[in-house]
Amino acid sequence: MREKRLLSLIAASAFCALTMNAQTNLAVQLKSGTTQKFDISSINKMLVSSQSLAVYTTDVKAFAISDIQSLKFVQVATGISAVNGNGLAVNRQGDHLTITGAKPDDQVSVYSVNGQTVGHFRATEEGTLNLSGLRRGVYIMKINNKTIKISK
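Taking the numbering used here, the leading residue of the sequence shown gets 41, the next gets one more, and so forth.
See the structure below:
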């Protein structure tokens with residue numbers, strides 16, 4: 041019963057913190073040393089009983105309470121670097137994207153996975169872009185005829 045209360049308190053605290061910090065994944069670390077991660081946007085619900093924690097996404101993953109070491113909300117790196125050896129690398133920090141290999145004022149075009157143009161940007165002197173205007177999803181960026189896949 042005490043473990044159930046503690047786990048419920050941790051989950052509630054983490055969800056509150058989640059609204060303040062844009063964390064993207066729930067990491068369930070087990071005492072065996074393995075970690076299972078769930079994309080926050082894919083979690084439909086979570087149920088805690090006296091014996092288990094169930095995470096509902098497209099399927100159900102259940103964990104015995106006694107096997108859980110910790111629950112954490114973490115941000116997962118989503119940039120994919122150096123696609124096809126094109127010399128570009130991406131590092132995302134929140135809504136800001138740093139493109140290593142981009143020059144100041146390089147024109148950056150962003151496309152949805154459907155091929156629709158989502159926006160045009162110019163790289164700053166530091167090679168950064170502000171993507172706060174884009175919704176969460178997967179995009180293709182084109183910089184000087186080089187392409188990179190990114191997730192926001």
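Yeah, the Cβ is synthetic: ideal placement off N, Cα and C, and Gly gets one too.
Check your understanding: Looking at C-beta atoms only, is the number of pairs between the region 95–107 and the region 146–160 that lie closer than 8 Å three or more?
Key -> no
Review point. Taking just the CA atoms, how far does Ser-90 sit from Val-158?
Key: 47 Å
Review point. Mind checking whether Lys-85 and Tyr-96 have CB atoms under 8 Å apart?
Key: yes
Exercise for review: From the DSSP output, read off the bridge partner residues of Val-193.
Suggested key: In the structure as shown, the chain begins at 41 and stops at 192. Residue 193 is therefore absent and cannot be evaluated.
Point to revise | Residue range of the beta strand (DSSP E) that includes Ile-183 | key: 178–183
Review point. Beta strand (DSSP E) containing Asp-79: first to last residue?
Key: 75–79
Review point. Gly-177 and Thr-138: beta carbons closer than 8 Å?
Key: no
Review point. By a C-beta neighbour count over all protein chains shown, 10 Å radius and 16 as the cutoff for buried, is Ala-163 buried or exposed?
Key: buried
Exercise for review: Below 8 Å on the Cβ atoms is my guess for Leu-66 versus Ile-80; work out the distance and round it to an integer in Å.
Suggested key: 6 Å
Practice item. For Ile-188, count neighbouring Cβ atoms within 10 angstroms of its own Cβ and tell me buried if that reaches 16, exposed if not. Key: buried
**Study point:** Through-space distance from Glu-165 to Arg-132, alpha-carbon basis
**Key:** 16 Å
Point to revise | DSSP three-state assignment for Ile-105, whether helix, strand or coil | key: helix
Check your understanding: Quick one: what's got a C-beta closer than 8 Å to Ile-108's C-beta in the same chain, skipping five residues either side?
Key -> Leu-47, Val-68, Gln-69, Leu-70, Lys-71, Leu-93
Practice item. Use the C-beta contact count for Val-114: other C-beta atoms within 10 angstroms, 16 or more gives buried, fewer gives exposed. Key: exposed
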